[in-house]
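In mature numbering (1 follows the signal peptide of the UniProt record, and there is no 0), the protein residues as written are -20 to -1, 1 to 108.
Below you can see the structure in the form of structure tokens.
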């Protein structure tokens, strides 16, 4: 009896720590705050939990950028935090426009994140 209980507990622990594939896509910004010249050179840096997944290309001279990159992470877990940092690329240092954080849930989701300095980041992800 004790060995059956041990096996059951092991299976349950394995299920709660199951990893899934994360796919982040369809990143776009709208009405990002402009610099003195009336434009933004925006990009997004992506994190899942402690893992850095990379960053998008810089979209120059637009307050409404659309990024074509997709990000995949094969070791994501439900309730892990997806963090997106939106920045304006500048000569000396890049301005942080805002940070979007969300706990991952299974399925496909679309979100709008209102940035601290103004504007919105729109994105979609699938966890499964």
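Positions of the beta carbon are idealized from the N, C-alpha and C atoms, including for glycine.
Bear in mind that the values here come from a model prediction, so they are computed numbers and not experimental data.
Is the distance from the Cβ of residue i to the Cβ of residue j below 8 Å?
{"i": "residue 105", "j": "residue 16", "result": "no"}
{"i": "residue 33", "j": "residue 51", "result": "yes"}
{"i": "residue 9", "j": "residue 76", "result": "no"}
{"i": "residue 78", "j": "residue 63", "result": "no"}
{"i": "residue 40", "j": "residue 7", "result": "no"}
{"i": "residue 29", "j": "residue 61", "result": "yes"}
{"i": "residue 11", "j": "residue 43", "result": "yes"}
{"i": "residue 46", "j": "residue 24", "result": "no"}
Please name the residue in the options whose C-alpha comes closest to that of residue i.
{"i": "residue 94", "options": "69, 103 and 87", "result": "103"}
{"i": "residue 73", "options": "11, 12, -3 and 21", "result": "21"}
{"i": "residue 56", "options": "12, 38, 97 and 86", "result": "86"}
{"i": "residue 31", "options": "90, 92 and 54", "result": "54"}
{"i": "residue 130", "options": "2, 92 and 14", "result": "This structure leaves residue 130 out entirely; the chain is present only between -20 and 108."}
{"i": "residue 89", "options": "99, 107, 38 and 24", "result": "107"}
{"i": "residue 13", "options": "69, 84, 83 and 82", "result": "69"}
{"i": "residue -2", "options": "18, 19, 83 and 58", "result": "58"}
Hey, could you find the ends of the beta strand (DSSP E) residue i is sitting in?
{"i": "residue 25", "result": "22 to 28"}
{"i": "residue 106", "result": "100 to 107"}
{"i": "residue 57", "result": "Run containing residue 57: none; DSSP gives neither H nor E here."}
{"i": "residue 76", "result": "75 to 83"}
{"i": "residue 96", "result": "Looking at the DSSP string, residue 96 is not in any beta strand (DSSP E), and its letter there is neither H nor E."}
Identify whether residue i lies in helix, strand or coil by the three-state DSSP scheme.
{"i": "residue 64", "result": "strand"}
{"i": "residue 88", "result": "strand"}
{"i": "residue 5", "result": "strand"}
{"i": "residue 32", "result": "strand"}
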